[in-house]
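Chains as they are written, first to last, in my numbering: chain A, 1 to 115; chain B, 1001 to 1116.
Everything on this sheet refers to the single structure shown next.
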């Protein structure tokens, strides 16, 4: 039982390049999330998906798109990478669906460097 | 908008001693949850402890306990009998119970060093 997995672990991009960060969970959870972590700023929510087929913007969505491919997978796409998007990206999953005492479980993170 | 404040960027504790990490939050909601996450050098985010706002009793998980003061909007983490493996970044997080996706708001973190 792997929990939440992310690929790749590390990526270097040039400004203007595009890429997709992949996230998958095997916990049968309904809700999934993408965060970014920058030094001194904690984690900030980029996008989330409350359930399969729905996505919503979080606190810092500009420059990103997401796809909830199915219940297991939630991808984050950078169409034209910028140096300001250099960060560590975390995917998370939670039971969702109105479960009261739900907790978010995080993947190991993807470190992205945009030159 | 909800905000979470961790006013201690760094803390240090000797092995076997006790340390308390501070967290305050701002919200107008009455039904919410608070969390402490640990992030070791591996960067993995690990849930340490959770507190439901409607519960008066402070949560406890082995050596970790919280002091939840709802009126003061304070949620501190106490680590007893500190171990070298406790060295990490600790993040306080807040979540309002909307009944749908649980969006978390994080503080900026406290780096805990554990010395011999």
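Note that beta-carbon positions come from the ideal geometry of N, C-alpha and C, so glycine has one too.
In this text, all values refer to a predicted model and were calculated from it rather than measured experimentally.
Task: Three-state secondary structure (DSSP) of residue 31 of chain A - done: The count along the first chain starts at 1 and reaches residue 31 of chain A at position 31. In the structure shown, residue 31 of chain A adopts extended strand secondary structure according to DSSP, grouped into three states.
- [ ] Would you please verify whether the beta carbon of residue 117 of chain A is less than 7 Å from any beta carbon of chain B?
- [x] The shown model of chain A, from 1 to 115, leaves out residue 117 of chain A, and the question about it has no answer.
Open item on the list: Using 8 Å for Cβ pairs, my map puts residue 4 of chain A next to residue 25 of chain A. What's the rounded Cβ distance?
Closed with: Residue numbering aside, residue 4 of chain A sits at position 4 when the first chain is read from its first letter. Residue numbering aside, residue 25 of chain A sits at position 25 when the first chain is read from its first letter. In this structure residue 4 of chain A is in contact with residue 25 of chain A, their Cβ atoms being roughly 5 Å apart against a cut-off of 8 Å.
- [ ] Please go through the stretch 1040-1115 of chain B and give each complete alpha helix (DSSP H) segment of 4 or more residues, from N-terminal end onward.
- [x] None, since the stretch 1040-1115 of chain B contains no complete alpha helix (DSSP H) of that length.
Task: residue 1022 of chain B (DSSP reduced to helix, strand or coil) - done: In the second chain, the residue the question calls residue 1022 of chain B occupies position 22. It is coil, neither helix nor strand.
TODO: Look at the alpha carbon of residue 1035 of chain B and the alpha carbon of residue 17 of chain A, and state the distance between them as a whole number of angstroms.
DONE: Counting from one through the second chain, the residue named residue 1035 of chain B turns up at place 35. Counting from one through the first chain, the residue named residue 17 of chain A turns up at place 17. Rounded to the nearest angstrom, the gap between the Cα atoms of residue 1035 of chain B and residue 17 of chain A is 37 Å.
Open item on the list: If contacts are defined as beta-carbon pairs under 8 Å, then residue 1105 of chain B and residue 1087 of chain B qualify, I think. What distance do you get, rounded to the angstrom?
Closed with: As a working note, residue 1105 of chain B is residue 105 in the second chain. As a working note, residue 1087 of chain B is residue 87 in the second chain. Actually they do not touch by this definition, with Cβ atoms about 25 Å apart.
Task: residue 85 of chain A, DSSP secondary structure in three states - done: Taking the first chain and counting its residues from 1, the one referred to as residue 85 of chain A is at position 85. In the structure shown, residue 85 of chain A adopts helical secondary structure according to DSSP, grouped into three states.
Task: Any chain B beta carbon closer than 7 Å to residue 53 of chain A - done: As a working mapping, residue 53 of chain A is identified with position 53 in the first chain. Chain B contact via Cβ: absent.
TODO: Tell me, to the nearest whole angstrom, how far the beta carbon of residue 12 of chain A is from that of residue 115 of chain A; I am working on the premise that it is less than 8 Å.
DONE: Your numbering for residue 12 of chain A matches position 12 in the first chain. Your numbering for residue 115 of chain A matches position 115 in the first chain. At roughly 7 Å, the Cβ-Cβ gap stays under 8 Å, so residue 12 of chain A and residue 115 of chain A are in contact.
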